[in-house]
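There are 2 protein chains.
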Amino acid sequence: MVDRLVVVGAGAVGSAVAWAAARERLAGEVVLVDPDPGSGASRVAGGMLAPISEAWPGEREVLELGAASLAAWPSFAARVASDAGRDVGLRTEGTLQVAVDAADVADLDRVAAHLAEWGRPVERLTGRETRRREPSLGPSVRAGLAVPDDLAVDNRELLGALGAAGSVVGVRSLARRVVRVLDDGARVTGVEFADGGVLEAERVVVAAGAWSGSLHPALEGRVRPVKGEILRVRARRTSLPPPSRTVRASVSGRPVYAVPRDGGRLVVGATQYEAGFDPDVLVGGVRDLVGDVERVLPGIADYALEESAASFRPGTDDNLPMLGPLGPSGLLAATGHGRNGMLLVAVTVSTLAAVLRGDALPAEARAAAADRSAVAPG
Amino acid sequence: MVDRLVVVGAGAVGSAVAWAAARERLAGEVVLVDPDPGSGASRVAGGMLAPISEAWPGEREVLELGAASLAAWPSFAARVASDAGRDVGLRTEGTLQVAVDAADVADLDRVAAHLAEWGRPVERLTGRETRRREPSLGPSVRAGLAVPDDLAVDNRELLGALGAAGSVVGVRSLARRVVRVLDDGARVTGVEFADGGVLEAERVVVAAGAWSGSLHPALEGRVRPVKGEILRVRARRTSLPPPSRTVRASVSGRPVYAVPRDGGRLVVGATQYEAGFDPDVLVGGVRDLVGDVERVLPGIADYALEESAASFRPGTDDNLPMLGPLGPSGLLAATGHGRNGMLLVAVTVSTLAAVLRGDALPAEARAAAADRSAVAPG
């Protein structure tokens with residue numbers, strides 16, 4: 001018996017869980033399996049670590065989980081960077097949520113009041129104050145909400161650093177496609193590959209994002225693909241400089257964000273469709289993203305369009321991820337992170353590490369217990 | 001003496017001239033030199049072979065040259081296809097020029113009258129008649145002009161076929177960058193590469209598109225880059241089918257076209273900027289192309305965006321290309337084709353072949369003589 005742990009899926013979540021498991025020697029061998037590491041939703045993510053400006057009344061558990069993960073992010077990032085010997089691309093400039101019409105202003109006020117009740121630091125700004133902080137904002141911006149505690153991460157830097165850190169601590173990577181987690185009715189026995197091959201394992205972490213539902217009956221129907229599209233743009237020599245903070249807005253009812261990257265780049269996102277695994281970047285999606293972000297940052301018209309891409313967030317019915325044991329013994333979930341995979345990777349790592357050590361789910365992760373539907377169906 | 005002909009630039013024009021020269025044994029050896037064959041404006045072209053719907057009063061010579069080339073296209077295409085053993089992607093469905101506002105309708109009427117004077121077959125259609133021919137046209141289309149004689153070509157199929165045909169007839173391809181055409185004051189002696197190497201040649205055809213001006217003093221200032229951007233989109237299973245003809249319109253004063261390709265694809269173009277060699281696809285350019293084409297073909301919002309690209313048309317002051325001898329003996333131009341490179345490749349090939357045989361410029365190409373500025377300066 002090698003005490004093998006297989007992690008299915010080398011996005012940010014799976015790579016981070018495999019790294020942590022190997023680093024803390026929570027299994028005799030850690031194997032990270034993905035036919036195309038870092039190619040899914042993690043590659044396309046905006047990288048906002050922004051639970052506070054995501055908060056809406058009625059999603060208190062989502063906010064609490066996100067806040068716990070945000071608090072854990074700096075030390076998580078420092079450990080990854082230290083092991084990897086490279087930066088993970090964390091940014092600390094915070095978020096500006098801006099309003100472009102009267103309805104948005106009312107929304108900002110509601111969010112500000114809600115967050116004040118929660119004791120979260122936010123600052124309500126006039127349009128002029130907002131533009132003073134980010135001169136690239138256009139004249140249509142009527143009000144703003146500064147959220148200084150939000151972070152952001154360069155998703156591709158993070159993926160690179162996680163891969164390097166995993167190698168350093170002994171994660172074994174396998175470029176194969178897992179089609180099924182195998183069990184004997186009581187315990188996990190391994191994973192089966194697309195070519196019929198099998199890798200035996202005592203424990204399997206399913207971190208396959210939107211594709212997780214097909215890997216074991218206990219996950220079936222629990223995770224659905226929520227398609228999203230993003231643009232990657234770059235300020236040119238002749239352009240207005242990009243904002244230094246994450247800028248978020250709602251335009252014509254559609255949320256839009258621009259998250260700074262190094263080199264004058266911005267990730268602009270994100271559309272949202274319930275359309276199954278439809279991989280196309282749509283003309284209409286690009287039109288909406290460009291039109292909406294131009295409303296807020298008009299100078300972006302002169303930016304270079306470097307990339308447009310689509311991927312699939314792993315959505316759950318209650319917008320909470322699925323963390324920890326479910327189904328047969330040895331089956332562990334680290335999926336269902338919806339739009340918040342980058343934010344929640346820190347709390348996911350500490351939660352899965354606790355479970356792999358044999359501990360109970362940490363208190364802050366209990367609402368996201370993977371087996372919660374068994375307790376409270378529906 | 002090998003009687004070597006060097007053709008600089010493996011876009012459609014250079015590849016076609018090299019193919020024709022080798023095929024007709026107009027030189028002892030034909031060498032086609034390009035560091036990245038088929039990567040320039042030819043790769044990004046819409047592929048409209050449409051002199052008639054391009055025609056405007058005052059550009060009679062442009063129309064005549066285009067009409068001569070259009071007439072030569074079917075036999076040119078047949079010869080290339082025969083040598084290559086593959087299709088060049090010629091389409092014969094014609095063009096629909098459509099009007100979306102009152103000013104456009106007046107323009108259509110002017111063009112129709114102008115072309116009628118010229119004896120060119122065109123058909124003036126109401127909005128309803130226009131939409132009956134192409135049901136994908138939106139309700140904003142108020143009138144149309146059918147130009148049945150226009151052709152279109154799949155630029156990438158053509159490039160592939162020209163490369164194959166050239167190989168078959170003995171064109172030697174060299175993946176190097178020419179920086180200068182060399183001469184001894186009276187005659188061409190060869191070309192110099194970026195690494196300082198030299199290839200001797202008795203004759204050199206400069207077919208380097210927008211980059212031609214830097215290759216010899218006789219070409220300096222005669223060709224400028226006119227940047228253009230295009231989109232390549234694809235109808236999906238759920239989409240309205242694409243038009244079967246080339247559709248052209250003017251929206252907010254900007255020309256826009258959609259040229260059909262196989263597989264439900266369309267090339268949508270093209271922006272136009274006098275911006276030097278600026279290689280970026282601009283966010284604002286994509287926004288304009290999408291907005292303008294949606295005005296005419298609203299169903300395109302559901303199409304997949306497969307590619308956005310920019311390149312540089314080789315522009316001249318009088319919108320005519322530069323064909324044939326200029327400067328020292330043995331220097332020949334096949335450049336300056338502006339927006340009409342694909343259309344004019346047929347007449348360019350027959351013109352350069354005549355010159356290489358030692359004949360005078362054919363009558364239809366005299367207005368495009370490369371040395372015309374020496375005759376009528378300014």
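Protein sequences, first through last, are from chains S and X.
The first sequence begins at 1 in UniProt numbering and counts up one residue at a time.
The second sequence begins at 1 in UniProt numbering and counts up one residue at a time.
Glycine is no exception: its CB is placed at the ideal position from the N, C-alpha and C atoms.
The structure presented is a predicted model; accordingly, all values stated were derived computationally and were not measured.
For the 8 angstroms CB-CB criterion, S140 (chain S) and R295 (chain S) form a contact. Residue pairing by DSSP puts I230 (chain X) in a beta bridge opposite X:G269 and X:A309. When CB distances to chain S are screened at a threshold of 7 angstroms, the residues of the stretch 301–334 of chain X falling below it are A301, D302, Y303, A304, L305 and S308, in chain order. Put simply, the backbone Cα of L352 (chain S) is about 16 angstroms away from that of M342 (chain S).
Around D280 (chain X), the beta-carbon contacts reaching into chain S at under 7 angstroms are R236 and A304. When the alpha-carbon of P37 (chain X) is set against those of X:G209, X:V169, X:A275 and X:F76, the nearest one is in X:G209. Only those residues of the stretch 264–289 of chain S whose C-beta falls short of 7 angstroms from the nearest C-beta of chain X are listed: D280, V281, L282, V283, G284, V286 and R287. Across the stretch 202–233 of chain S, CB contacts with chain X closer than 7 angstroms involve V233, in sequence order along the chain. Between the stretch 307–319 of chain S and the stretch 249–263 of chain S, the count of C-beta pairs closer than 8 angstroms stays below three; the two stretches do not touch.
When X:E24, X:V355, X:L125 and X:G94 are compared, the shortest CA-CA separation from V205 (chain X) is found for X:V355.
For S250 (chain X), the uninterrupted beta strand (DSSP E) segment begins and ends at T246 to V251. In this chain, the alpha helix (DSSP H) harbouring P74 (chain X) covers R60 to A84.
For the options X:S39, X:P242 and X:R232, the alpha carbon positioned closest to that of G269 (chain X) is the one of X:R232. If you compare the alpha carbons of S:P243, S:G28 and S:S212 with that of L323 (chain S), the shortest gap goes to S:S212. About 10 angstroms separates the beta carbon of L320 (chain S) from that of E64 (chain S), a gap too long to meet the 8 angstroms contact definition. Taking one beta carbon from each stretch, the stretch 147–162 of chain S and the stretch 40–48 of chain S have 3 or more pairs nearer than 8 angstroms; the two touch. Here DSSP, grouped into helix, strand and coil, assigns R180 (chain X) to strand. Neighbours of G138 (chain S) in chain X, taken as residues at a C-beta separation under 9 angstroms, are lacking, since the least C-beta distance is about 14 angstroms.
For G170 (chain S), no Cβ of chain X is located within less than 8 angstroms of the residue's own Cβ. Below the 7 angstroms Cβ cutoff, chain S contributes no neighbours of G47 (chain X), its closest Cβ being approximately 20 angstroms away.
Distance from the Cα of D104 (chain X) is smallest, within the candidate group X:A249, X:E364 and X:V188, for X:A249. For the C-beta of G253 (chain S), not a single chain X residue is nearer than 8 angstroms; the gap to the nearest is close to 17 angstroms. At a cut-off of 8 angstroms between beta carbons, G291 (chain X) contacts chain S. 8 angstroms or more divides the Cβ of V33 (chain S) from the Cβ of V122 (chain S). In the DSSP assignment, S15 (chain X) falls within the alpha helix (DSSP H) that extends over A12 to R23. Using a C-beta cut-off of 8 angstroms, the stretch 165–172 of chain X makes contact with the stretch 16–35 of chain X, since at least three inter-stretch Cβ pairs fall below that distance. By the criterion of a C-beta distance shorter than 6 angstroms, A112 (chain S) is surrounded in its chain by V122, R124 and L145, once the five residues flanking it on both sides are discounted.
Comparing C-alpha distances from R261 (chain S) to each of S:A360, S:G89 and S:P298 shows the shortest one belongs to S:G89.
By the 16-neighbour rule on beta-carbons within 10 angstroms, S82 (chain X) is exposed. Looking at the DSSP output, S173 (chain X) bridges to X:L32. Linking L26 (chain S) to R339 (chain S) through their CA atoms gives a straight-line distance of about 29 angstroms. In this structure the stretch 263–279 of chain X does not lie against the stretch 189–207 of chain X, because fewer than three pairs of beta carbons, one per stretch, are closer than 8 angstroms.
In the DSSP assignment, V105 (chain X) falls within the unbroken alpha helix (DSSP H) covering A102 to E117.
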